[in-house]
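These notes are about the structure you will find just below.
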Amino acid sequence: MTQTLKQQRTKLDIVTTMNTLLKTTPFDQITIGTICKTAMIHHSTFYRYFDDKYALLGEVLMLICKPVQADLNQGVDFMTAISRVMTANQAQLRNMTSQNKSTTVYTDLTKILADNLKTAIISDTTHPLITQLRRASQPEFLAYAYAGMLVGIIQKWNEDPQTTTLETFSGSFKHDMTALLQTF
118 MTQTLKQQRT
128 KLDIVTTMNT
138 LLKTTPFDQI
148 TIGTICKTAM
158 IHHSTFYRYF
168 DDKYALLGEV
178 LMLICKPVQA
188 DLNQGVDFMT
198 AISRVMTANQ
208 AQLRNMTSQN
218 KSTTVYTDLT
228 KILADNLKTA
238 IISDTTHPLI
248 TQLRRASQPE
258 FLAYAYAGML
268 VGIIQKWNED
278 PQTTTLETFS
288 GSFKHDMTAL
298 LQTF
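Residue numbers for the sequence shown follow our numbering, beginning at 118 and rising by one.
Okay, here's the thing in structure tokens:
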């Protein structure tokens, strides 16, 4: 079922509202009532587009990760693209994950990142990572493995406030990963 422009705009408004709320408020403290009040919509409008706030959270994750595909298409390396997204959305990611009782946030993020990689595999992207994934015997599994590794890093980064900044981390990450992978 295709949505009208008004429906698409309403859905985007709800997603954007949740993204804005996540900049200052932990996910578990955001109620559907708060979302509706901030987005200036009725509860029924919310439920027309989303089953619950967890479904909305998945849409927010997709919105946040959208620049990754554009960066890959421009030849930016994947870790830099992820670092940009994580740095630009640091508050939202911490508020999504730090006290969220749902275990699906990291699973959803892994799927979204893997989907970005799989989309890049079938596109004209000439990024070296994508080229290697294309050549692999099981590109989908490797896309999930790479995405899962990055989400594990994000999870650790969120759990430990003393963790190095993403900018510092991404600078040494490629070197460390290359050294590690050469041991296989």
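The C-beta atom is built at its ideal place from N, Cα and C for all residues, glycine as well.
- When the beta-carbon positions are compared, ILE271 and LEU226 come within less than 9 Å of each other.
- Just so you know, the alpha carbons of LEU234 and GLU257 end up roughly 9 Å apart.
- Contact annotation: THR197 and THR162 have beta-carbon atoms that are not nearer than 9 Å.
- Counting C-beta pairs closer than 8 Å gives three or more between the region 207-215 and the region 137-151, which meets the contact rule.
- Between ASP241 and ASN190, the C-beta gap is smaller than 9 Å, which places the two residues in contact.
- Here PRO143 carries a coil assignment [DSSP, helix/strand/coil].
- Note on geometry: alpha-carbon atoms of MET135 and LYS228 lie some 20 Å from one another.
- Residues VAL132, MET135, ASN136, LEU139, GLN209 and MET213 of the same chain have their beta carbon placed closer than 8 Å to that of VAL177, with the five preceding and five following residues left out of the count.
- Secondary structure at ASN206: coil, using DSSP grouped into helix, strand and coil.
- Taking a C-beta distance under 9 Å as the contact criterion, VAL222 and LEU174 qualify as a contact pair.
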